[in-house]
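Sequence order for the protein chains is A and B. When the letters of the first sequence are read in order and numbered with the working numbering, they come out as residues 823 to 1459. When the letters of the second sequence are read in order and numbered with the working numbering, they come out as residues 1232 to 1482. Note that the Cβ used here is the ideal one computed from N, Cα and C, for glycine as well. Remember, it's a predicted structure, so these values are computed and weren't measured experimentally.
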Amino acid sequence: MLLNSKIPEGPLTDKWTKHKFNIKLVNPANKRKYDIIVVGTGLAGASASASLAELGYNVKAFCFHDSPRRAHSIAAQGGINAAKNYQNDGDSVFRLFYDTIKGGDYRSREANVYRLAQVSVNIIDQCVAQGVPFAREYGGLLANRSFGGAQVSRTFYARGQTGQQLLLGAYSALSRQVANGKVQIFPRTEMLDLVKIDGKARGIVTRNLITGKIESHSAHAVILATGGYGNVFFLSTNAMGSNTTAAWRAHKRGALFANPCFTQIHPTCIPVSGDHQSKLTLMSESLRNDGRVWVPKAKGDKRKAKDIPDNERDYFLERKYPSFGNLVPRDVASRNAKEACDEGRGVGPTGLAVYLDFRDAIQRDGKNTIEAKYGNLFEMYEKITGQNPYEMPMMIYPAIHYTMGGLWVDYNLMTNIPGLYATGECNFSDHGANRLGASALMQGLADGYFVISYTIGDYLASIPIERINNDHPAFKEAEANVAGIITKLLIIKGTRTVDSFHKELGKVMWDYCGMARNAKGLKFAKEKIREIRAEFWNNVNVVGENEELNQTLEKALRVSDFLELGELMIDDALNREESCGGHFREEYQTEEGEAKRDDENFSYVAAWEYTGDNQPEALHKEALEFENVKLTQRSYK
Amino acid sequence: MNLTLDIWRQKNTDTKGAFKTYAISNISEDMSFLEMLDVLNEQLVEKGEDPVHFDHDCREGICGSCNLFINGRAHGPNIKTAACQLHMRSFSDGDNITIEPWRASAFPVIKDLVVNRGAFDRIIQAGGYVSVNTGGVPDANEIPISKVKADQAFDSATCIACGACVAACKNASAMLFVSAKVSQLALLPQGQVERKTRVERMVAQMDAEGFGACTNTGACSIECPVGISQDNIARMNREYYSAKAKSDNLE
Chain A
823 MLLNSKIPEG
833 PLTDKWTKHK
843 FNIKLVNPAN
853 KRKYDIIVVG
863 TGLAGASASA
873 SLAELGYNVK
883 AFCFHDSPRR
893 AHSIAAQGGI
903 NAAKNYQNDG
913 DSVFRLFYDT
923 IKGGDYRSRE
933 ANVYRLAQVS
943 VNIIDQCVAQ
953 GVPFAREYGG
963 LLANRSFGGA
973 QVSRTFYARG
983 QTGQQLLLGA
993 YSALSRQVAN
1003 GKVQIFPRTE
1013 MLDLVKIDGK
1023 ARGIVTRNLI
1033 TGKIESHSAH
1043 AVILATGGYG
1053 NVFFLSTNAM
1063 GSNTTAAWRA
1073 HKRGALFANP
1083 CFTQIHPTCI
1093 PVSGDHQSKL
1103 TLMSESLRND
1113 GRVWVPKAKG
1123 DKRKAKDIPD
1133 NERDYFLERK
1143 YPSFGNLVPR
1153 DVASRNAKEA
1163 CDEGRGVGPT
1173 GLAVYLDFRD
1183 AIQRDGKNTI
1193 EAKYGNLFEM
1203 YEKITGQNPY
1213 EMPMMIYPAI
1223 HYTMGGLWVD
1233 YNLMTNIPGL
1243 YATGECNFSD
1253 HGANRLGASA
1263 LMQGLADGYF
1273 VISYTIGDYL
1283 ASIPIERINN
1293 DHPAFKEAEA
1303 NVAGIITKLL
1313 IIKGTRTVDS
1323 FHKELGKVMW
1333 DYCGMARNAK
1343 GLKFAKEKIR
1353 EIRAEFWNNV
1363 NVVGENEELN
1373 QTLEKALRVS
1383 DFLELGELMI
1393 DDALNREESC
1403 GGHFREEYQT
1413 EEGEAKRDDE
1423 NFSYVAAWEY
1433 TGDNQPEALH
1443 KEALEFENVK
1453 LTQRSYK
Chain B
1232 MNLTLDIWRQ
1242 KNTDTKGAFK
1252 TYAISNISED
1262 MSFLEMLDVL
1272 NEQLVEKGED
1282 PVHFDHDCRE
1292 GICGSCNLFI
1302 NGRAHGPNIK
1312 TAACQLHMRS
1322 FSDGDNITIE
1332 PWRASAFPVI
1342 KDLVVNRGAF
1352 DRIIQAGGYV
1362 SVNTGGVPDA
1372 NEIPISKVKA
1382 DQAFDSATCI
1392 ACGACVAACK
1402 NASAMLFVSA
1412 KVSQLALLPQ
1422 GQVERKTRVE
1432 RMVAQMDAEG
1442 FGACTNTGAC
1452 SIECPVGISQ
1462 DNIARMNREY
1472 YSAKAKSDNL
1482 E
């Protein structure tokens, strides 16, 4: 299979402008004759649904939540990047582009990332016009803060709840289109299959989560904005319901899955407290602006933090990376925290934590200033741990947070299946091997507001305007497929719970495909996952029936897909014999223990093709070409 | 710790529900309340029984999914805390804990503790937005907004639409939810153009959904997990009456 990324010719700075001119348009009177399905109502989905409906298309929007406003974008804390240069500190579109490419350890496409940086400025304008209450200075203009991996302040924020405010902005635009009759929302409805007719995506099959009814929906194009797959690790900062099912079922229908092993471990999460733990909570990266990360210099130092004098503390990020200090990118911060704990210098009851200390910031700026910046995060920390971070340092440890891998898409955000698009975290395109802080919100909204609304027209203008009825045999076949999977799960009635399998899978993934990976461990994990999957299909206990609200069945369907995706992640991690960004292969590191890329052999996107149940997937490579940046060993020293 | 749980079980909207009692042991005080329910549900599934259904997702107090009425209080005993952020250290060994769904005719029970809050979406659809299309908007800094106003608008905008205000209100009124959105947009310059029609439409939809009237009891604000202030209700009343007093009102 030839992967055509469809990157426009010409200089980097002109590609998007020229492309917008060159692609086909659908005339305004014809737009109302096209139906578009959007799965997911987070930042990428809600913004796409609203923008496409404003243009005149008929949109059907699906979410498994009870309301579109509950998508997990809502939980993003720190902020959103944009190359506005409002701070006069040297920012530019090119600098945001450069930081993002470098932060991703040179494993993303130049053209996509440059476009992302270009439209970033429009996103802020759009959100302000919607009434999103960003933080402001006393003069009434917008405030900014700095974030990891950058030396300029380009992050716009709304206290520690930026994701909430941006999503509510997109949700309000979506709600307006519902009132206008241009968007129909299907809450508590989960996509379980993709329907292709003549090789093109023409619809989806869903399960109504309240009645269990399996239903078909047809359209001219399908957009998947279904988020990431971090919950394959069971414990992550994702919401409990976040899952890979829609993307995975599309993969099984032929959509390529790119760079699945690129997962992001976020350095500042609240450590695990026990076996009962159901999820992990992130403490925003913005805290690293003022908090200092340290561990005791001596191994096994069990004194209280405040009893350890400064000269017996190791501020390891400041020591090793003097120019970026505590604001190194997430992958670097996470690996260093792990290293400190592996050396036996971790703190807290489990020894799997490092301190994030605000003592100096509080002394310097006063408690009120720190409270104004991070009040809600400090409160959240105290609610969960019962400890007051104004008085003792926070304890943090890395956790799975984001997945850079996802469905392979071209420059138009279309997968290799004509008419099937993937936006936001669901695709692989912009963050390479590591995402910078405050860039996820930027990408979700860029894709939804400013990219897909142009590029989808190019495709729609090229296909017949006639609608396809959802009683077409392809829909019946997909409905039967879904019903078959559900029946198979319900009749097993084994002895183990769905969660017990999910936890077992998650532990294997974390231990062997987490912060550090090696060939031996990965090979072991592959066998282990196959065993877990085989037992799942023989011994899982899914109580209840299909024709009711059945949360056990919902979980079982999602976990069955994670059990397949997990193996592909392992295959991808094994194949990529280099270290880059969040993918750290222990065999490939510099003398200083940093990730060592192999640009000669691995400067490509690994796109995997499903070839059948329990069959090895076929690897397709899209070579990455860099014309505007020079590939260097990333240095934050 | 060991606990006794009285939990509302209801098969579906059309079936009558009832409390059922469960004993649960070895609960750690570091567990969240929902993790305690996870433990119960694992035990129920192991016995082949249907687990207790409840809405939950982010478990960080921001998505607004969780909606448990615990010992007679929306989201349980702690103020400014959603049920998902409530931890078992707030309870003691031997406690008896009663767990119910939100009770309001505008929020019909779907199953056990899961209710239908679609009414909130329909109220937002009636006018909870600024009518701008994507693109063609001015530069963000061309709309200066005083920090004081922006902060006030932010405080109103933090509502998570969980419905605790309705559940806590003896009249099942949705005034706190509706007024938070009305206030956010009334305070900001972007919301001025549609200021009057917005409040009229949203209030009309709120009434059509069957929510009760406000008698200024204030339980809504006390029980709100994000601390939305009752001031919003006063502001919405003012917005509503001044819209109605104008000659160009909707009805």
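- [ ] Look at the alpha carbon of tryptophan 1116 (chain A) and the alpha carbon of valine 1017 (chain A), and state the distance between them as a whole number of angstroms.
- [x] What you label residue 1116 (chain A) is simply residue 294 of the first sequence in a count that begins at 1. What you label residue 1017 (chain A) is simply residue 195 of the first sequence in a count that begins at 1. Approximately 52 Å between the Cα atoms of the pair.
Open item on the list: Please state whether the Cβ-Cβ distance between alanine 866 (chain A) and glycine 1279 (chain A) is less than 7 Å.
Closed with: Against the first sequence, residue 866 (chain A) aligns to sequence position 44. Against the first sequence, residue 1279 (chain A) aligns to sequence position 457. Not a contact, by the Cβ cut-off of 7 Å.
TODO: Could you tell me which chain A residues have their CB closer than 7 Å to the CB of phenylalanine 1385 (chain B), listed as they occur along the chain?
DONE: Along the second sequence, one-based indexing puts residue 1385 (chain B) at 154. Result: Pro955, Ala980 and Arg981.
- [ ] Put glutamine 983 (chain A) into one of helix, strand or coil per three-state DSSP.
- [x] For the purposes of this step, residue 983 (chain A) is identified with residue 161 of the first sequence, where counting begins at 1. Note: glutamine 983 (chain A) maps to coil in three-state DSSP.
Task: Cross-strand partners of alanine 1402 (chain A) (DSSP beta bridge) - done: Position 580 of the first sequence, counted from the start, is the residue given in the question as residue 1402 (chain A). Note that residue 1402 (chain A) corresponds to cysteine in the displayed sequence, not to alanine. A:His1405, per the DSSP bridge assignment.
TODO: Kindly indicate which residue of A:Thr1059, A:Thr1090 and A:Tyr1243 has the alpha-carbon position closest to the one of valine 1176 (chain A).
DONE: As a first step, residue 1176 (chain A) is located in the first sequence; it is residue number 354 there, counting from the start. Selected option, being the one with the closest Cα: A:Thr1090.
- [ ] Between the Cα of methionine 1433 (chain B) and those of B:Val1270, B:Ala1450, B:Ala1411 and B:Thr1446, spot the shortest distance and give me the residue it belongs to.
- [x] Taking the first residue of the second sequence as position 1, residue 1433 (chain B) is located at position 202. Checked all of B:Val1270, B:Ala1450, B:Ala1411 and B:Thr1446; the closest Cα to methionine 1433 (chain B) is B:Ala1411.
Open item on the list: Need the endpoints of the alpha helix (DSSP H) that threonine 1028 (chain A) sits in, please.
Closed with: Position 206 of the first sequence, counted from the start, is the residue given in the question as residue 1028 (chain A). Unbroken run through threonine 1028 (chain A) is the beta strand (DSSP E), 1022-1030; no alpha helix (DSSP H).
- [ ] Find out if the Cβ-Cβ distance for the pair valine 1379 (chain B), aspartate 1286 (chain B) is shorter than 7 Å.
- [x] Translated into positions along the second sequence, residue 1379 (chain B) becomes position 148. Translated into positions along the second sequence, residue 1286 (chain B) becomes position 55. Not a contact, by the Cβ cut-off of 7 Å.
- [ ] With DSSP collapsed to three states, give me the class of glycine 1228 (chain A).
- [x] Taking the first sequence and counting its residues from 1, the one referred to as residue 1228 (chain A) is at position 406. Strand, per DSSP.
Open item on the list: Quick check on the DSSP output: the alpha helix (DSSP H) that includes arginine 1240 (chain B) runs from which residue to which?
Closed with: Within the second sequence, numbered from 1, the residue matching residue 1240 (chain B) stands at position 9. Counting along the chain, arginine 1240 (chain B) falls outside any alpha helix (DSSP H), though it belongs to the beta strand (DSSP E) covering 1234-1240.
TODO: Check proline 1420 (chain B) in the structure and name its three-state DSSP category.
DONE: Translated into the one-based positions of the second sequence, residue 1420 (chain B) becomes position 189. Three-state DSSP puts proline 1420 (chain B) in a helix.
Open item on the list: According to DSSP, glutamate 1037 (chain A) sits in a beta bridge with which residue or residues?
Closed with: Here residue 1037 (chain A) is taken as the residue at index 215 of the first sequence, counted from 1. According to DSSP, glutamate 1037 (chain A) bridges with A:Thr1028.
Task: Element boundaries [alpha helix (DSSP H), containing asparagine 1463 (chain B)] - done: Position 232 of the second sequence holds residue 1463 (chain B). That run of the alpha helix (DSSP H) goes 1462-1476.
Open item on the list: Residues of chain A with CB closer than 7 Å to the CB of serine 1259 (chain B), please, in chain order.
Closed with: Your numbering for residue 1259 (chain B) matches position 28 in the second sequence. Per Cβ cutoff of 7 Å: Gly1096 and His1098.
Open item on the list: Mapping the DSSP letters down to three states, classify leucine 1453 (chain A) as helix, strand or coil.
Closed with: Within the first sequence, the letter at position 631 stands for residue 1453 (chain A). Leucine 1453 (chain A) falls in the coil class under three-state DSSP.
- [ ] Pick out whichever of A:Arg1071, A:Asn944 and A:Lys1310 has its Cα sitting closest to the Cα of asparagine 1363 (chain A).
- [x] Translated into positions along the first sequence, residue 1363 (chain A) becomes position 541. The shortest C-alpha separation from asparagine 1363 (chain A) is found at A:Lys1310.
Open item on the list: If we define contact as Cβ-Cβ less than 7 Å, is tyrosine 960 (chain A) a contact residue for chain B?
Closed with: Counting from 1 along the first sequence, the entry for residue 960 (chain A) is found at position 138. Yes, tyrosine 960 (chain A) lies at the interface with chain B (some Cβ there is under 7 Å from its Cβ).
Task: Cross-chain neighbours of methionine 1202 (chain A) in chain B, by beta carbon under 8 Å - done: Counted from its first residue, the first sequence places residue 1202 (chain A) at position 380. Glu1291, Gly1292 and Gln1316, listed in chain order.
Open item on the list: Looking at lysine 840 (chain A): is its Cβ nearer than 7 Å to the Cβ of proline 830 (chain A)?
Closed with: Your numbering for residue 840 (chain A) matches position 18 in the first sequence. Your numbering for residue 830 (chain A) matches position 8 in the first sequence. Cβ atoms of lysine 840 (chain A) and proline 830 (chain A): closer than 7 Å.
Open item on the list: So, for alanine 1337 (chain B): in the same chain, excluding its five sequence neighbours on each side, which residues have a beta-carbon less than 6 Å away from its beta-carbon?
Closed with: To locate residue 1337 (chain B), count along the second sequence from 1; it is residue 106. Counting only Cβ-Cβ distances below 6 Å, and skipping sequence neighbours, we find Ala1350, Glu1440, Gly1441 and Phe1442.
- [ ] Express the C-alpha separation of lysine 1311 (chain B) and valine 1457 (chain B) in angstroms, rounding to a whole number.
- [x] Reading the second sequence from its first residue, position 226 is the one you call residue 1457 (chain B). Reading the second sequence from its first residue, position 80 is the one you call residue 1311 (chain B). Each residue's Cα considered, the two are about 5 Å apart.
TODO: Could you tell me which residues DSSP puts in a beta bridge with serine 1404 (chain B)?
DONE: Residue 1404 (chain B) sits at position 173 when you count from the first residue of the second sequence. Serine 1404 (chain B) pairs with B:Gly1443.
Open item on the list: Let me make sure I understand the geometry here. Which of A:Ala1244, A:Lys924, A:Gly878 and A:Leu1078 has the alpha-carbon closest to that of glycine 1049 (chain A)?
Closed with: By one-based count along the first sequence, residue 1049 (chain A) stands at place 227. Answer by Cα proximity: A:Ala1244.
Task: Where threonine 977 (chain A) meets chain B, residues with beta-carbon distance less than 9 Å - done: Counting from one through the first sequence, the residue named residue 977 (chain A) turns up at place 155. Result: empty, since nearest Cβ-Cβ is about 14 Å, beyond 9 Å.
Task: Residues bridged to arginine 1152 (chain A) [DSSP beta-bridge criterion] - done: Here the question's residue 1152 (chain A) lines up with position 330 in the first sequence. DSSP, once it has assigned bridges, lists no residue as partnering arginine 1152 (chain A).
TODO: Please work out which residues of its chain come closer than 7 Å, Cβ to Cβ, to leucine 1032 (chain A), disregarding the five sequence neighbours upstream and downstream, and give them in chain order.
DONE: For the purposes of this step, residue 1032 (chain A) is taken as residue 210 along the first sequence, with counting starting at 1. The displayed chain sequence assigns isoleucine, not leucine, to residue 1032 (chain A). Cβ within range, chain order: Arg1010 and Leu1371.
Open item on the list: Between lysine 1101 (chain A) and chain B, is the shortest Cβ-Cβ distance under 7 Å, so that the two count as touching?
Closed with: For the purposes of this step, residue 1101 (chain A) is identified with residue 279 of the first sequence, where counting begins at 1. Lysine 1101 (chain A) counts as touching chain B.
TODO: Could you check if glutamate 1408 (chain A) is buried or exposed, using at least 16 other CB atoms within 10 Å of its CB as the buried criterion?
DONE: Here residue 1408 (chain A) corresponds to residue number 586 of the first sequence, with the count starting at 1. That one is exposed.
TODO: Assuming glutamate 1444 (chain A) and alanine 1429 (chain A) form a contact by the criterion Cβ under 8 Å, report the distance between their Cβ atoms to the nearest whole angstrom.
DONE: By 1-based counting over the first sequence, the position of residue 1444 (chain A) is 622. By 1-based counting over the first sequence, the position of residue 1429 (chain A) is 607. That pair is a contact at about 6 Å.
TODO: Pull up the CB-CB distance for glycine 985 (chain A) and alanine 898 (chain A), whole angstroms please, since I reckon it's below 8 Å.
DONE: Counted from its first residue, the first sequence places residue 985 (chain A) at position 163. Counted from its first residue, the first sequence places residue 898 (chain A) at position 76. Contact holds; Cβ gap of about 3 Å.
Open item on the list: Do aspartate 947 (chain A) and valine 1368 (chain B) count as a contact pair if the criterion is CB distance below 7 Å?
Closed with: For this step, residue 1368 (chain B) is matched to residue 137 along the second sequence. For this step, residue 947 (chain A) is matched to residue 125 along the first sequence. A contact, by the Cβ cut-off of 7 Å.
Task: Candidates A:His894, A:Val881, A:Asp836 and A:Gly878, of which the one nearest glycine 864 (chain A) by Cα - done: As a first step, residue 864 (chain A) must be located in the first sequence, where it is residue number 42. Comparing Cα positions, the closest option is A:His894.
Open item on the list: Using a Cβ-Cβ cutoff of 9 Å, what residues of the segment 1316-1341 of chain A are near chain B? List them in chain order.
Closed with: Thr1317, Arg1318, Thr1319, Val1320, Asp1321 and Ser1322
Open item on the list: For isoleucine 1091 (chain A), report the span of its beta strand (DSSP E) as first-last.
Closed with: On the first sequence, position 269 is the one that residue 1091 (chain A) refers to. In the sequence as displayed, the identity of residue 1091 (chain A) is cysteine instead of isoleucine. Run containing cysteine 1091 (chain A): 1085-1091, per the beta strand (DSSP E) assignment.
TODO: Within its chain, find whatever has a CB closer than 8 Å to the CB of glycine 912 (chain A); leave out the 5 residues flanking it on each side and keep chain order.
DONE: The residue given as residue 912 (chain A) occupies position 90 in the first sequence. If we look at glycine 912 (chain A) and ignore the five residues flanking it on each side, its Cβ neighbours are Val974.
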